[in-house]
Amino acid sequence: MPTLRVWDLPTRLFHWALALSVIGLVVTGNVGGSWMNWHFRFGYTVLALLIFRVVWGFVGGHWSRFSTFVRGPGEVLAYLRGKSRSEHHIGHNPLGALSVLALLTMLAVQVGTGLFADDEIALAGPFATLVSSDMAGSITRYHKGLGKLFVILLVVLHLAAIVFYRLFRQKRLVRAMISGDQEVSANAEPSRDSTGTRWLALALFALAAVAVYALVDFGYAAAGY
Numbered sequence: 001m002p003t004l005r006v007w008d009l010p011t012r013l014f015h016w017a018l019a020l021s022v023i024g025l026v027v028t029g030n031v032g033g034s035w036m037n038w039h040f041r042f043g044y045t046v047l048a049l050l051i052f053r054v055v056w057g058f059v060g061g062h063w064s065r066f067s068t069f070v071r072g073p074g075e076v077l078a079y080l081r082g083k084s085r086s087e088h089h090i091g092h093n094p095l096g097a098l099s100v101l102a103l104l105t106m107l108a109v110q111v112g113t114g115l116f117a118d119d120e121i122a123l124a125g126p127f128a129t130l131v132s133s134d135m136a137g138s139i140t141r142y143h144k145g146l147g148k149l150f151v152i153l154l155v156v157l158h159l160a161a162i163v164f165y166r167l168f169r170q171k172r173l174v175r176a177m178i179s180g181d182q183e184v185s186a187n188a189e190p191s192r193d194s195t196g197t198r199w200l201a202l203a204l205f206a207l208a209a210v211a212v213y214a215l216v217d218f219g220y221a222a223a224g225y
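Just so we're aligned, residue 1 is where the sequence shown starts under this note's numbering, counting upward by one.
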């Protein structure tokens, strides 16, 4: 079958950078100790990546835009009943889109709670002093408990879906996220993946990184650190 450029390079780099950062978050958070400094850095990286992805969801390649892959309840039910349209099989299908949105949302919540977390020993998020100690304690317990569990479960679900589609639907989702191209059975609009869009993505991520740095610096400065 012919191939179509579905995932532009910025989307692919975002995907793999996010995957590595989440692995780093889980590992450093479990190891603890001096590795918590890296835990914070991975958290800030994830926050910058999420900000970039939200913006890219409006200006990125065709199949990376929320307007393209986020479907309504009717289309999700139709997909589950086997009444999907051809475009549902390009990029994120309606069910996969829900999984992606859930994962991005829970990562945002997890990183957000980390900004307010406080272990009451040596480490605290940049905004921990903006809330009461009881509130900071509750946020920290969620961050280290349910929040982390939710993220891990969604990652496992994501991986299970990849295996399912490879074994039972003969779809190589990982290969598509590496090469950017996907085999399609119908004519469809390709994603823009030009030098210009790549420079735009780099500029947007740089702005997101600067915004996160300024946010964290402001938080710690306000706390007197």
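The beta carbon of each residue, even a glycine, is placed where N, CA and C say it ideally should be.
Item, Value
"Under the three-state DSSP convention, the category aspartate 8 falls into", "coil"
"Residue range of the unbroken alpha helix (DSSP H) whose run includes glutamine 110", "94 to 116"
"Check whether serine 86 and alanine 186 have beta carbons under 8 Å apart", "yes"
"Contact under 8 Å by Cβ, alanine 17 with alanine 208", "no"
"CB of serine 64 within 8 Å of CB of histidine 158, strictly", "no"
"Test item: CB-CB of glycine 96 and alanine 160 under 8 Å", "no"
"Limits of the unbroken beta strand (DSSP E) element including aspartate 181", "181 to 183"
"For valine 210 and phenylalanine 58, the rounded distance between their alpha carbons", "20 Å"
"Which of helix, strand or coil DSSP assigns to alanine 188", "coil"
"Pair within 8 Å by beta-carbon distance, glycine 147 and threonine 113", "yes"
"Under the three-state DSSP convention, the category alanine 128 falls into", "helix"
"C-alpha distance - asparagine 37 paired with glycine 24, whole-angstrom precision", "11 Å"
"Phenylalanine 69 versus threonine 28 - alpha carbon distance", "33 Å"
"Segment limits, alpha helix (DSSP H) that includes leucine 200", "195 to 223"
"Nearest-angstrom beta carbon gap, glycine 61 and threonine 3 [assumed within contact, 8 Å]", "About 15 Å separates the two Cβ atoms, so there is no contact after all."
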